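In what follows, a structure is listed as structure tokens, so that the remarks can point back to it.
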Amino acid sequence: MVQEPNRRTFLRTLGLSAASITLSPLVESLLPGSTSLAQNVPIDLAVAEGSSIPKITSAVVDLMGGIKKFVSRGDIVVIKPNMAWDRKPEQAANTNPHVVATLVSLCLDAGAKRVKVFDHSCDDPRRCYVQSGIAHAARKAGAEITFVDDRKFKEMNIGGEVLKTWKIYTEVVEADALINVPIAKHHSLAKLSMAMKNWMGAVGGWRGRLHWRLNQCLADLTSFFKPSLTLLDAVRILVNHGPQGGRLEDVKGTDMVIAGVDQIAVDSFGATLFGMKGSDLGCVKEGHARGLGRMDIENLKVKRVHVPTP
Amino acid sequence: MESAVVRYRIISQAFFLTIFVLLFLLTNYRGLDEIRYPVRIFLEFDPLIAFTTLLAAHHLPTVMFFSLAVVGSALVLGRVFCGWVCPLGTIHHFVSWLYHRKEKDILPRSTLLGYRIKYYLLFFILASSVFTLQSVGFLDPISLLIRSMTLFVEPLVNLMVHAIFGFFYDTEIRWITALTEPIYSLLKNNFLSFRQPYFHQALFIGFLFVAILLMNFYRMRFWCFSLCPLGALLGLVSRVSLLRRWISEACTKCDICFSGCQAFARGNQDKWLRSECLVCGNCQNRCPEEAIDFALSPSAALTKPGLNLTRRNLLVSAASGIIAVPFLRMNSNYRNPNPKLIRPPGALEEREFLKRCLKCGECMKVCLTNGLQPTLMEAGLEGIWSPILIPRLGYCQFYCTLCGQVCPSGAIKKLTVSEKVQVRIGLAFIDKNRCLPYSQGIDCIVCEEHCPTPKKAIWFIEKRVQDRGRIVKTVKQPVVDLDLCTGCGICENKCPVVDKPAIVVTSIGESRSEVNRLSLY
């Protein structure tokens, strides 16, 4: 089952492009100031720092051109955080709940019909959903929180170098807009677990088997999923004993959220937070080599903003 | 038209059965670390369990003093617990009613035999508990019901519901799934298990449960009448109760009252067996002359009809109970710990554990991962159906403390989260012949990434290996840190070598044992 653009998405894209082409000069003339400027200059990566998690999350989305660029009215949006572990937010094993909740609100404000949040967790899902704080925060923001339903894993064509077919969660593929929201953390095989590694939570089957050729598998999965936006939560990062941590000594507060469309670029930037480069990570290197994105972030347009505490 | 007594009795039975089922459903993780209303509450009101636990373990959990209320009820009203409250009794009553409701005849004599068996069983159980054997769990009605519901009924109901709704789901016809899926989610969110439970011996336990239900076809409430040791205990207490049954002059000795009698309480006044009467009110309800009445009276004028329990049989049952103790304990676990016998966290030292465990299966019901299973012979005959962790089926979730919370008898201690994470239930060992980085020189680390201790109990030796194409690379070979491993079993559970995992937990290192240890701390 390979996903191809259906009539609906095609027409919507057509309509939107037509509308933006005809309307954008008009809108720009009407809207003076920096907002239109930000939208005009395409950037590759956006980085927001600051102590208010909702503010930096909104800021980073704004820098990328605003949520409406990625989510349209009536969309069914899937937000895929990492909530794989029975750990609390301060232990930095799961995506920060406020990042997820803010994103949910932004999507709903943009007119999304439904926003779904779920993860195929590693520990008992009930405890992961509760302890991560994500279920509570995202539900309050208006998201639908569901547990993964085994019936909805379907064998799909990945067409990758290692993964030819694998069980994929259908709701992820069927979403009108998919947003990848990983947390940046240590992992003893991939070295770091970020955007590419987060797709492990959207697949079924015996996931342990993917570790044999993890970097190729992650590149295969990254080429398969098509997120409209990726937000890397680096509010707190886990520098050791990942991916589930547990010790506060291993957690570093970096008060940052990174956004991009190119997941390879996002992960490359994330690597710098750990004193590494994208090319130090096997999966990023693999993704770059396959043309899934760019790890040479020094050549990319990175926009940084600091959101001061009020 | 039913009489008032019968009407109230039915309401009471329905009420307590509903409460039981609700508590059973609530004995489950529902997003809070604490289970507020476990079905254990029913066991706390069970005087037989309180009695045998006191005898066997020389210890009585405070909550079990509630059971005095049931003893009190028997002192006043006879076996009203059996007839009005007991959920298993209600189920038996219902099955009996389904089968026998049309019968107007007096029960044949043959089916009136055997009411004494339960007293002999009671003596067996009590005698064995004096000699520290906790055998009550096999036959105690509440324990039996919780066990059968957990290990058999719930998995069966779940499978059936999943099969039915799965069928509609797989049709992929939109208007059908639009109808069925909301019902399915409603059931799933409120009544079904979070994941399909699977238990060892489910069919065996189910067979026993169904068998005692089917016995109702042979005789109304066969279990309550012949086998139930709790009924026997309450029967003995009822012999001195205040409950009296009056039969007025109007009685024509038609014996219609016999036909509705759930037990063997006999028709005419002087032979009425107070210890057998379930106070169901059927005799009163059916009497065409309205000649039967129940009342409370301290009057000693009435004779106490004998139960005809022979001294000889009582002695034999008590002696069997005593002999059963060494019989059931004839196994080598007493010499050498069984490596497979991984007990839940907080379980007492094995002998103390067995003195308390009621085999009710509540710990297995709440286990988040379905890893807790009933033993067959791993803990000897004495320990059959006690909990054992089978890591391949489910691991012990690091921060979870549910099994200790629901254990009715304290066989599994209630632990706080900070205590729990210190408890070791076993130790993991790597099978280097099967572990991929050792045997194949390929990457894996799945055990390490799942290891839940904050400082991981699995670390790596980095080893340079050469593959068939002569390419030299570095792989990480896992090593278990025996000071940190808690034996939770998630490594074994997630090991990609599916059939026979390359990392296996055995019971050595368990905190509860002084013998079965490796580390000095």
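Line by line, the protein sequences give chains C and A. The numbering of the first sequence is the numbering used here, which starts it at 1 and goes up by one. The numbering of the second sequence is the numbering used here, which starts it at 311 and goes up by one. From the three backbone atoms N, C-alpha and C, an ideal C-beta is built for every residue, glycine too. As the structure is a computational prediction, the values presented were derived from the model and not from experiment.
In the DSSP assignment, find the unbroken alpha helix (DSSP H) run with residue i in it and report its ends.
{"i": "C/N215", "result": "L214 to F224"}
{"i": "A/I493", "result": "R484 to N500"}
{"i": "A/A366", "result": "P357 to A367"}
{"i": "A/A542", "result": "P539 to S548"}
{"i": "A/I345", "result": "Looking at the DSSP string, A/I345 is not in any alpha helix (DSSP H), and its letter there is neither H nor E."}
{"i": "A/F739", "result": "Segment L737 to I740 is the beta strand (DSSP E) holding A/F739; no alpha helix (DSSP H) there."}
If you draw a straight line from the C-alpha of residue i to the C-alpha of residue j, how long is it?
{"i": "C/G33", "j": "C/D62", "result": "With a pLDDT of 42 at C/G33, under the threshold of 50, the modelled position of this residue cannot be trusted; read the value that follows with caution. Rounded to the nearest angstrom, the two C-alpha atoms are 14 Å apart."}
{"i": "C/C128", "j": "A/L543", "result": "46 Å"}
{"i": "C/L218", "j": "A/N643", "result": "48 Å"}
{"i": "A/K742", "j": "A/S749", "result": "6 Å"}
{"i": "A/F334", "j": "A/W394", "result": "19 Å"}
{"i": "A/T460", "j": "A/I401", "result": "16 Å"}
{"i": "C/T222", "j": "C/K301", "result": "22 Å"}
{"i": "A/P277", "j": "A/R317", "result": "Any property of residue 277 of chain A remains undetermined from this structure, which presents chain A solely from 311 to 831."}
{"i": "A/I818", "j": "A/R346", "result": "33 Å"}
{"i": "A/C761", "j": "C/G260", "result": "32 Å"}
{"i": "A/C561", "j": "A/C593", "result": "12 Å"}
{"i": "C/Q91", "j": "C/A184", "result": "12 Å"}
{"i": "C/P310", "j": "A/D791", "result": "48 Å"}
{"i": "C/K315", "j": "A/R645", "result": "The first residue shown for chain C is 1 and the last is 310, placing residue 315 of chain C beyond what the model contains."}
{"i": "A/L540", "j": "A/L518", "result": "18 Å"}
The beta strand (DSSP E) spanning residue i covers which residue range?
{"i": "A/L606", "result": "I602 to L606"}
{"i": "C/M256", "result": "V251 to G260"}
{"i": "C/Y169", "result": "T165 to Y169"}
{"i": "C/R236", "result": "L229 to L238"}
{"i": "C/E155", "result": "F153 to N157"}
{"i": "C/N180", "result": "A177 to V181"}
{"i": "A/F509", "result": "Per DSSP, A/F509 belongs to no beta strand (DSSP E) and is neither H nor E."}
{"i": "C/H306", "result": "V302 to H306"}
{"i": "A/E464", "result": "A/E464 -> not in any beta strand (DSSP E); alpha helix (DSSP H) instead, spanning E464 to T481."}
{"i": "C/S193", "result": "K191 to S193"}
{"i": "A/Q280", "result": "The structure shown does not extend to residue 280 of chain A, since chain A is modelled only from 311 to 831, so the question has no answer here."}
Is residue i a contact residue of the ligand MG, with contact defined as CB to any heavy atom under 7 Å?
{"i": "A/V315", "result": "Here there are no bound small molecules, and the ligand MG is not part of this structure."}
Please state if the CB of residue j and the CB of residue i are separated by a distance shorter than 8 Å.
{"i": "C/V181", "j": "C/P81", "result": "yes"}
{"i": "C/D262", "j": "C/R294", "result": "yes"}
{"i": "C/L323", "j": "C/K191", "result": "Only positions 1 to 310 of chain C appear in this structure, which leaves residue 323 of chain C out of reach."}
{"i": "A/S696", "j": "A/T685", "result": "yes"}
{"i": "A/K786", "j": "C/S188", "result": "yes"}
{"i": "A/L746", "j": "A/V815", "result": "no"}
{"i": "C/T95", "j": "C/T57", "result": "no"}
{"i": "A/C538", "j": "A/L588", "result": "no"}
{"i": "C/H306", "j": "C/G65", "result": "no"}
{"i": "A/G681", "j": "A/L658", "result": "no"}
{"i": "C/A48", "j": "C/D75", "result": "no"}
{"i": "A/S607", "j": "A/R555", "result": "no"}
{"i": "C/M200", "j": "C/A234", "result": "no"}
{"i": "A/N618", "j": "A/R426", "result": "yes"}
{"i": "A/F504", "j": "C/R126", "result": "yes"}
{"i": "A/A628", "j": "A/A437", "result": "yes"}
{"i": "C/V60", "j": "C/L231", "result": "yes"}
{"i": "C/P243", "j": "C/A93", "result": "yes"}
Curious, which full-length beta strand (DSSP E) runs of at least 3 residues does the stretch 87 to 114 of chain C contain? Note on the stretch 87 to 114 of chain C: there is no whole beta strand (DSSP E) run with a minimum of 3 residues.
Review point. Any contact of the stretch 558 to 571 of chain A with the stretch 437 to 452 of chain A, i.e. 3+ C-beta pairs under 8 Å?
Key: Counting Cβ pairs under 8 Å, fewer than three are found: no touch.
### Message
I want to know whether the stretch 72 to 87 of chain C touches the stretch 161 to 179 of chain C - three or more CB-CB distances under 8 Å.
### Response
Touching, yes.
Query raised in the report: Looking at C-beta atoms only, is the number of pairs between the stretch 651 to 671 of chain A and the stretch 718 to 730 of chain A that lie closer than 8 Å three or more?
Result: The stretch 651 to 671 of chain A is in contact with the stretch 718 to 730 of chain A.
(Q) Would you call the stretch 236 to 251 of chain C in contact with the stretch 140 to 160 of chain C, where contact means no fewer than 3 C-beta pairs closer than 8 Å? (A) In short, these stretches do not touch, since the Cβ pair count stays below three.
Quick check for students: name the residue ranges of the beta strand (DSSP E) that lie wholly in the stretch 742 to 809 of chain A, counting only runs of 3 or more. Given a length threshold of 3 residues, each whole run of the beta strand (DSSP E) inside the stretch 742 to 809 of chain A is given here in chain order: 768 to 776 and 782 to 790.
Could you tell me whether the stretch 370 to 384 of chain A touches the stretch 748 to 762 of chain A, using the rule of 3 or more Cβ pairs below 8 Å? The stretch 370 to 384 of chain A vs the stretch 748 to 762 of chain A: no contact.
- prompt: Hey, is the stretch 514 to 524 of chain A in contact with the stretch 482 to 494 of chain A, meaning 3+ C-beta pairs nearer than 8 Å?
  reply: Too few Cβ pairs lie closer than 8 Å, so no.
Q) Between the stretch 429 to 438 of chain A and the stretch 338 to 345 of chain A, are three or more C-beta pairs nearer than 8 Å? A) Taking a cut-off of 8 Å on C-beta distances, the stretch 429 to 438 of chain A does not touch the stretch 338 to 345 of chain A, as fewer than three cross pairs fall below it.
Do the stretch 450 to 457 of chain A and the stretch 347 to 356 of chain A touch if we need at least three Cβ pairs shorter than 8 Å? As far as the Cβ criterion goes, the stretch 450 to 457 of chain A touches the stretch 347 to 356 of chain A, which means the pair count is three or higher.
| Counting pairs of Cβ atoms below 8 Å between the stretch 794 to 806 of chain A and the stretch 702 to 710 of chain A, do you hit three or more? | Judged by Cβ distances under 8 Å, the stretch 794 to 806 of chain A makes contact with the stretch 702 to 710 of chain A, as three or more pairs qualify.
- Report yes or no: do three or more beta-carbon pairs, one from the stretch 640 to 656 of chain A and one from the stretch 619 to 632 of chain A, lie closer than 8 Å? As far as the Cβ criterion goes, the stretch 640 to 656 of chain A does not touch the stretch 619 to 632 of chain A, which means the pair count is below three.
* **the stretch 507 to 520 of chain A contacting the stretch 359 to 366 of chain A, beta-carbon criterion three pairs below 8 Å** => Output reads no: the stretch 359 to 366 of chain A does not touch the stretch 507 to 520 of chain A.
**Prompt:** If we count Cβ pairs, one from each stretch, closer than 8 Å, do we get three or more for the stretch 139 to 151 of chain C versus the stretch 113 to 125 of chain C?
**Reply:** Three or more pairs of CB atoms, one per stretch, sit closer than 8 Å, so the stretch 139 to 151 of chain C contacts the stretch 113 to 125 of chain C.
request  = Could you tell me whether the stretch 191 to 211 of chain C touches the stretch 270 to 286 of chain C, where touching means 3 or more Cβ pairs closer than 8 Å?
outcome  = Yes: at least three Cβ pairs fall under 8 Å.
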